[in-house]
Amino acid sequence: MTTLPIPRLYRHGSCVCPFLTRCPRGRLIGCAKPSFASMDGPKLVNLCRLALLRAIVKLRSEPGMQPLVSVTIPTYNRGELLTTRTLPSVLGQRWRNLEVIVVGDGCTDDTEQRLRALGDPRVRWVNLPRRGEYPEDPLHRWMVAGTDAANYALKLVRGEWISFVDDDDVVEPDHLEVLVGHALATGAEFVYGAGWFHRSPEEVIRIGGWPPEPGRVMHSAVVYRAYLRFLRYDKEAWREGIGGDAHLWRRMRALGVRMSFVDRVVCSSPLRPGEQLRGQRAAEAARALWVTTKQGS
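Structure representation (structure tokens):
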């Protein structure tokens with residue numbers, strides 16, 4: 000892989016973002032490698048956006064070439080569910096140009112053996128040496144569990160787009176086709192669709208709507224530009240009464256990231272085996288806490 004010189008255009012004080020590399024197919028990709036000391040968030044987003052527009056968009060890819068999408072899946076001891084439910088739906092996407100990055104949050108089960116048995120070269124596996132440290136309170140831990148694995152996965156991304164999928168969710172066959180296609184057609188940098196959330200065997204609700212506030216965005220229904228990966232999940236998000244994913248979306252919106260909603264179901268969150276009430280109480284408590292925090296601010 001050949002590294003190209005960094006034009007002055009992509010420098011901002013002591014920050015260099017991005018450096019550009021030439022991939023094997025001869026296309027340029029933006030790769031954010033900044034030093035943030037001299038920049039605030041909006042300037043950094045704009046710099047990454049400018050680099051993409053001038054270095055990538057003006058170049059023409061091969062006819063019919065789809066941009067690479069990096070699907071990130073943090074997981075913890077759900078090897079069977081991951082390999083029998085979630086991964087088949089991801090690997091069965093109509094959007095064929097994808098990589099799947101599975102990062103274990105200190106897994107101690109047979110996840111690695113199950114992934115190896117799949118034998119799919121698109122899947123990369125990394126297991127962190129130990130599980131992340133999360134709050135002891137069950138609700139607060141539920142809000143931010145998996146943060147370390149999710150952030151590590153962002154470091155491994157090679158695609159132009161990032162899709163996050165929970166390790167027990169299912170994505171529709173046209174999941175990436177709908178979301179990335181909409182983004183390319185509209186110029187949006189962050190796109191999300193709707194999803195089915197199974198609260199109980201008898202109750203399934205549809206989640207999705209504008210604006211992208213807590214309770215309206217399913218984590219597995221999102222794609223966004225890879226140059227935004229310098230924005231990481233915050234393990235302290237629970238202190239503001241929201242989950243790490245909602246906290247990230249809120250920061251993106253505050254920084255001026257172009258967001259768009261597609262009114263199509265692109266994923267579902269079924270009950271896990273043996274569950275009768277999946278996440279309902281925790282989700283409602285988190286939503287109530289977020290509303291209280293917002294009203295008091």
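In terms of numbering that gives the first Met the number 0, the sequence shown opens at residue 0 and continues consecutively.
Glycine included, every Cβ here is placed at the ideal spot set by N, Cα and C.
Measure the CB-CB distance between residue i and residue j and report whether it falls below 7 Å.
{"i": "CYS266", "j": "SER199", "result": "no"}
{"i": "ALA225", "j": "GLU132", "result": "no"}
{"i": "ILE100", "j": "ALA152", "result": "yes"}
{"i": "TYR232", "j": "LEU247", "result": "yes"}
{"i": "GLU176", "j": "TRP94", "result": "yes"}
{"i": "GLY194", "j": "ARG263", "result": "no"}
{"i": "ASN297", "j": "GLY103", "result": "Outside the shown range of the chain, which is 0 to 296, sits residue 297, and nothing can be said about it."}
{"i": "ARG250", "j": "VAL156", "result": "no"}
{"i": "ALA148", "j": "PRO87", "result": "no"}
{"i": "LEU254", "j": "VAL44", "result": "yes"}
{"i": "ALA187", "j": "ARG257", "result": "yes"}
{"i": "ARG77", "j": "ASP165", "result": "no"}
{"i": "GLY207", "j": "VAL143", "result": "no"}
In whole angstroms, give me the CA-to-CA distance for residue i and residue j.
{"i": "SER60", "j": "LEU67", "result": "Only weak support exists for where SER60 lies, its pLDDT of 43 falling under 50; the value from the coordinates is given anyway. Taking the straight line from one Cα to the other gives about 12 Å."}
{"i": "ASP108", "j": "PRO172", "result": "28 Å"}
{"i": "SER259", "j": "PRO137", "result": "32 Å"}
{"i": "LEU205", "j": "PRO213", "result": "A small fix is needed here, since residue 205 is Arg in this sequence, not Leu. Looking at the two C-alpha atoms, the distance is approximately 14 Å."}
{"i": "LEU81", "j": "VAL169", "result": "10 Å"}
{"i": "VAL190", "j": "LEU178", "result": "6 Å"}
{"i": "ARG238", "j": "MET64", "result": "43 Å"}
{"i": "TRP124", "j": "THR71", "result": "10 Å"}
{"i": "ARG130", "j": "TRP141", "result": "14 Å"}
{"i": "VAL122", "j": "PRO134", "result": "30 Å"}
{"i": "PHE196", "j": "ARG215", "result": "11 Å"}
{"i": "ALA245", "j": "GLY118", "result": "34 Å"}
{"i": "TRP209", "j": "PRO120", "result": "37 Å"}
{"i": "LEU230", "j": "GLU79", "result": "31 Å"}
{"i": "THR83", "j": "LYS234", "result": "29 Å"}
{"i": "GLY105", "j": "GLY180", "result": "35 Å"}
{"i": "TYR75", "j": "THR85", "result": "14 Å"}
{"i": "ASN150", "j": "THR185", "result": "28 Å"}
Could you name the residues that DSSP lists as bridge partners for residue i?
{"i": "PRO73", "result": "VAL102"}
{"i": "HIS197", "result": "VAL203"}
{"i": "PHE189", "result": "TYR223 and MET258"}
{"i": "VAL264", "result": "ALA193"}
{"i": "LEU97", "result": "VAL68"}
If you follow the alpha helix (DSSP H) that residue i is in, where does it begin and where does it stop?
{"i": "ARG250", "result": "243–253"}
{"i": "ARG115", "result": "110–117"}
{"i": "LYS89", "result": "According to the sequence provided, residue 89 is Val. The question's Lys does not apply to it. 86–90 is the extent of the alpha helix (DSSP H) around VAL89."}
Please confirm if residue i has its CB atom under 7 Å from at least one CB of chain D.
{"i": "PRO66", "result": "No chain D is present in this structure, which holds just one protein chain."}
In the DSSP assignment, find the unbroken beta strand (DSSP E) run with residue i in it and report its ends.
{"i": "VAL125", "result": "122–126"}
Inset, instruction - Note down, one range per segment and in chain order, each beta strand (DSSP E) of at least 3 residues found wholly within the region 132–182. - result: 160–163
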